[in-house]
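Numbering (our numbering), first residue to last: 14 to 569.
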């Protein structure tokens, strides 16, 4: 499953957390030196992602107004408060406020300059759960994140954002500029690079294995079992032994079945989508490529039982459709052309219809969003456009693919704090010319983690750069294994594929024993929604691809 692609659930906003109480102050803490002029809701603009519901109100703080935000995220969400009527004084002064949170989600502080460069700092709010506590941030705490360029050309705006999962309340009070003598709340800067990152040889520290350990055959059996028992049609697979049928996850499992020469099982998945192309369909939330004769694409997720977007909130996201096309191309490469030609062509044509030029390159726009309530977002989505590059390239649409690659190169050049898959998937898509991208997560402990699992040290990857997190995003370790094998660095690819063996859990599904891999190791830092005692089909499929040295993008 995609982490920066993220599943959307229907939401009902009925928060009752702490709505009528004010946060308790930290004992014996002095009021920060602050102008405290930013405490009114009229100074702030609240925005959210499409799955989040949030409300900004004033509460009775230390000196009249404070800000309170009640929110409910989906699996992963965010809200952003942009300061619209005040500006930080200069890059030397601090910004100070009191903070209390009911959840340990992330707080992000963002400084935007005149040409759209965003510099940010991020911190988990674990220290702010018990009572309100002083929070101090300086511009010097922020690092370049995105947009514009990596030089700061004067303040345009300041924003406070919260990201993560679940629901909660956050209080901000006495917000304003502080003195330069206050101690920053951000962690001090220090190197997160592994001093043994380039160590030669074989072993755990060197991150190389001489050989691939044997693939666990019960992992494939797990995918077969849940395909057979999860729905009456025995075609699509649920994401986490549930009722959610995700397009990306099923496309990935189809590729894993193809890698194992399970032709008929791959066909069950692809046949469903090939058949869900009725141009006369008039049911808007049925999983069908067309609605009232218009090509709209497939929903990211629907109910496995009903095949409807029951919450009327799912996206028809272009990245998932690109992966479905890629799965069909994997099928054609192994079994010949013809069976899925129509499905390939209509997805290809829809992606091309979403394409727009941008500078020297261009990108494919998002597609229909939030239950068909909106077509596209502003700008292009990086991860989704890697998918579209591969899909269009496999279709021979090299002119579009080349322009997408130019746009991606211009957008992502030299950036070292990206989501993991923006490194791994570019290597899987482009091959050797981009090999150095893997060094960014490979050498950096913000991405690469060591956990103790069942008394054994295990190495894997988190989905983004965060030194405070001790968790694996198990899809990502599979990405790394496949990417290294693609580059011919097989010993390192073997190492990460072999690490996945330690993440396997046993599942007994209707009396059939299978082995699976959960989505993450721990239910923390935004992954509270994951049941770590159940398998997740994308992580399980990546295990099979890694063990079979298989690149789903078909790059040589």
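All C-beta atoms, glycine included, are put in the ideal place defined by N, C-alpha and C.
It should be emphasised that the depicted structure is a prediction, and the values quoted were computed from it without experimental measurement.
Please confirm whether residue i and residue j have their CB atoms less than 9 Å apart.
i	j	result
residue 511	residue 555	no
residue 115	residue 91	no
residue 531	residue 544	yes
residue 233	residue 273	yes
residue 392	residue 329	no
residue 244	residue 176	no
residue 121	residue 174	yes
residue 247	residue 241	yes
residue 123	residue 158	yes
residue 497	residue 475	no
residue 401	residue 331	yes
residue 265	residue 143	no
residue 389	residue 435	no
residue 187	residue 79	yes
residue 286	residue 356	yes
residue 118	residue 178	yes
residue 503	residue 562	yes
residue 477	residue 433	yes
residue 69	residue 57	yes
residue 470	residue 485	no
residue 359	residue 411	no
residue 269	residue 558	yes
Which residue marks the beginning of the alpha helix (DSSP H) containing residue i, and which one marks its end?
i	result
residue 488	487 to 499
residue 262	260 to 272
residue 508	503 to 512
residue 403	395 to 407
residue 558	550 to 560
residue 276	276 to 288
residue 441	434 to 443
Helix, strand or coil for residue i, going by three-state DSSP, please let me know.
i	result
residue 519	strand
residue 320	coil
residue 125	strand
residue 90	strand
residue 331	helix
residue 56	helix
residue 219	coil
residue 237	helix
residue 458	coil
residue 26	For residue 26, the pLDDT reaches just 33, beneath the cut-off of 50, and the residue's location in the model is therefore unreliable, leaving the point undetermined.
residue 186	strand
residue 532	coil
residue 566	coil
residue 426	coil
residue 410	coil
residue 293	coil
residue 314	strand
residue 449	helix
residue 231	helix
residue 574	Because the chain here runs from 14 to 569, residue 574 falls outside it and cannot be looked at.
Could you tell me how far apart the beta carbons of residue i and residue j are, in whole angstroms, since I believe they sit closer than 8 Å?
i	j	result
residue 211	residue 170	Not a contact, Cβ separation roughly 41 Å.
residue 399	residue 439	6 Å
residue 458	residue 480	6 Å
residue 383	residue 131	The Cβ separation is near 24 Å, so there is no contact.
residue 553	residue 489	Rounded, the Cβ-Cβ distance is 14 Å, inconsistent with contact.
Between residue i and the rest of its own chain, which residues show a CB-CB distance below 7 Å, the 5 nearest in sequence each way excluded?
i	result
residue 106	190, 191, 193
residue 429	453
Quick check on the DSSP output: the beta strand (DSSP E) that includes residue i runs from which residue to which?
i	result
residue 358	Counting along the chain, residue 358 falls outside any beta strand (DSSP E), though it belongs to the alpha helix (DSSP H) covering 354 to 366.
residue 464	461 to 466
residue 134	131 to 137
residue 67	66 to 74
residue 470	469 to 474
residue 150	146 to 151
residue 168	168 to 177
residue 62	No beta strand (DSSP E) holds residue 62; DSSP gives it neither H nor E.
residue 81	77 to 85
residue 156	156 to 159
For residue i, I'd like the list of residues in its chain whose CB is within less than 6 Å of its CB, leaving aside the five on either flank, ordered along the chain.
i	result
residue 420	371, 374, 375, 376
residue 527	231, 234, 235, 238, 520
residue 567	none
residue 333	260, 261, 313
Under the criterion of a Cβ to heavy atom distance below 8 Å, does residue i qualify as lining the ligand HEM?
i	result
residue 267	Inclusion of the ligand HEM in the displayed structure is not the case, the ligand content being empty and no account of it being possible.
CB-CB under 8 Å to residue i, same chain, minus the five flanking residues each way: which ones, in chain order?
i	result
residue 314	20, 21, 252, 257, 258, 259, 260, 322, 327
residue 108	101, 122, 149, 150, 151, 171, 188, 189, 190, 191
residue 213	219
residue 288	none
residue 133	121, 122, 123, 124, 155, 156, 158
residue 515	466, 467, 469, 471
Does any residue of chain C bring its CB to less than 9 Å from the CB of residue i?
i	result
residue 280	No chain C appears in the structure shown, which is made up of a single protein chain.
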